[in-house]
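In our numbering, each residue carries its 1-based index in the sequence shown increased by 2.
To keep things clear, I will list the structure first and then write my remarks on it.
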Amino acid sequence: MVIIECAIVATLLFLAWRMVAAAPAPTVMAPPGGSTSAQAGESTGPVTTGDAARPTPAGRLLPGLNVDAGFWRTRLAELNRGETAFELLEWRLVHSATDAARRYVESVVLPSVVRAQHPRR
């Protein structure tokens, strides 16, 4: 039974590895023209490639893709605030559970163990 489970896990790992290895590598899309106004500190809207009828060559940005550094800075700050709030909640839950377990051991388990070790004479 264990050998069969190991074979199944090995097969799944092999298939997962093949899928990851066969996945196309993500391409880094550079903004057209080399320098962007986001690098200069200006806030811009969506970047367009100019002529909309012309097909987009590889490596160019698609219309409507926001590459403004301020936009991403704002989104990442929101994400970090949410993550911080979640971590604080998680911290409180873990400490509450730890305190409850400690109180249970000290008030229920230890007295029972002490009574069992020292029976009344």
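Where a beta carbon is used, it is the ideal one built from N, C-alpha and C, also for glycine.
It should be emphasised that the depicted structure is a prediction, and the values quoted were computed from it without experimental measurement.
In this model, Leu90 and Ala102 are separated by some 18 Å (Cα to Cα). A straight line joining the alpha-carbon of Val107 with that of Ala118 spans about 15 Å.
For His97, the three-state secondary structure derived from DSSP is helix. Residues of the same chain with their beta carbon placed closer than 8 Å to that of Leu14 are lacking, with the five preceding and five following residues left out of the count. Residue range 4-24 is occupied by the alpha helix (DSSP H) that includes Met21. Look at Asn68 here: in three-state DSSP terms it is coil, with no helix or strand label.
Following the DSSP letters along the chain, one finds Arg117 inside the alpha helix (DSSP H) bounded by residues 112-119. Rounded to whole angstroms, Leu78 and Glu85 show a C-alpha spacing of 10 Å.
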